[in-house]
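Just below is one structure, and these are the notes that go with it.
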Amino acid sequence: MMNLSRDYYTTLDFNELKDGLKRKVGTNYKLGLIDNQKISLYCLKDSYTKISLDRVPTCKIEIKNEKQEDGRIRIKFAITEFSLIIVGLIPVIYILTLYFAKAPTTLYTVSGVLYVILYSSLVFILRDQSEKFETDLKGLENGIIN
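Residue 3 is where the sequence shown starts when you use this note's numbering, and the numbers rise one by one after that.
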């Protein structure tokens, strides 16, 4: 099973990172928390924004003002707990609907397939969005703000 988070490390100072991400809050990044010790943002970009899926907090970025031994700051990019709960509840609701409708038990096996499909979609979203965040992070490190 794939871990639903990725870690990035940056040589940027925490304040530079905070200022760069503050300028990007809006279309692609939704504000969670930005203070002197922690940054927590929600994000979805591009095609997800066009279909209004960005209203559901799916990906989150967490940055703590703590430098690693090598002087870099760790950035955690992960799927939100809300998304995991929704993915877990959809098959359960499906099973309960079948149970109360007194459906044949052979239809219950579809719930296992639902878990695989929904989990795979979360893995795809994580991979896609983390690559886009990595591009944004490299732009911040190089002084390019888009």
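The beta-carbon is built from N, C-alpha and C at its ideal position, and this holds for glycine as well.
Worksheet item: Would Leu-35 be called buried (16 or more neighbouring beta carbons within 10 Å of its own) or exposed?
Response: Working through the sequence shown from its first residue, we reach residue 35 at position 33. So Leu-35 counts as exposed.
Worksheet item: Among all the DSSP beta bridges, which residues are the ones paired with Leu-1?
Response: Absent from the structure is residue 1, since the part of the chain shown begins at 3 and ends at 148.
Fill in: beta strand (DSSP E) runs wholly inside the region 14 to 45, at least 3 long, in chain order
31 to 36, 40 to 45
Worksheet item: How many Å lie between Lys-134 and Ala-103 at the Cα?
Response: On the sequence shown, residue 134 is found 132 positions in, with the first residue counted as 1. On the sequence shown, residue 103 is found 101 positions in, with the first residue counted as 1. Approximately 44 Å between the Cα atoms of the pair.
Worksheet entry | Supposed contact pair Cys-61 and Phe-84 - C-beta distance, whole angstroms, cut 8 Å | For the purposes of this step, residue 84 is taken as residue 82 along the sequence shown, with counting starting at 1. For the purposes of this step, residue 61 is taken as residue 59 along the sequence shown, with counting starting at 1. Contact doesn't hold; Cβ gap of about 11 Å is too wide.
Fill in: Residues bridged to Thr-12 [DSSP beta-bridge criterion]
Here residue 12 refers to the residue found at position 10 when the sequence shown is read from its first residue. DSSP lists Ile-75 as partners of Thr-12.
Worksheet item: Buried or exposed: which applies to Asp-37, given that a residue is buried once 16 or more other Cβ atoms fall within 10 Å of its Cβ?
Response: Looking up residue 37 in the sequence shown gives position 35. Exposed is the call here.
Worksheet entry | For Ile-88, the nearest candidate out of Gln-70, Leu-100, Leu-116 (CA to CA) | Here the question's residue 88 lines up with position 86 in the sequence shown. It is Leu-116 whose Cα lies nearest to the Cα of Ile-88.
Worksheet entry | Limits of the unbroken alpha helix (DSSP H) element including Lys-150 | Because the chain here runs from 3 to 148, residue 150 falls outside it and cannot be looked at.
Worksheet item: Is the beta carbon of Leu-128 less than 8 Å from the beta carbon of Tyr-10?
Response: As a working mapping, residue 128 is identified with position 126 in the sequence shown. As a working mapping, residue 10 is identified with position 8 in the sequence shown. Going by C-beta atoms, Leu-128 is not nearer than 8 Å to Tyr-10.
Worksheet item: Any idea if Leu-19 is buried or exposed, counting beta-carbon neighbours within 10 angstroms, 16 or more meaning buried?
Response: As a first step, residue 19 is located in the sequence shown; it is residue number 17 there, counting from the start. Buried, because 16 or more other Cβ atoms sit within 10 Å of the Cβ of Leu-19.
Fill in: Beta-carbon contacts of Leu-86 that lie in its chain and below 8 Å, excluding the five residues immediately before and after
One-based indexing of the sequence shown puts residue 86 at position 84. For Leu-86, where only same-chain residues beyond five positions count, the Cβ hits under 8 Å are Leu-6, Leu-124.
Worksheet item: Is Leu-120 closer than 8 Å to Ile-75 when the C-beta atoms are compared?
Response: Within the sequence shown, numbered from 1, the residue matching residue 75 stands at position 73. Within the sequence shown, numbered from 1, the residue matching residue 120 stands at position 118. No, the pair does not count as a contact, with Cβ atoms beyond the cut-off.
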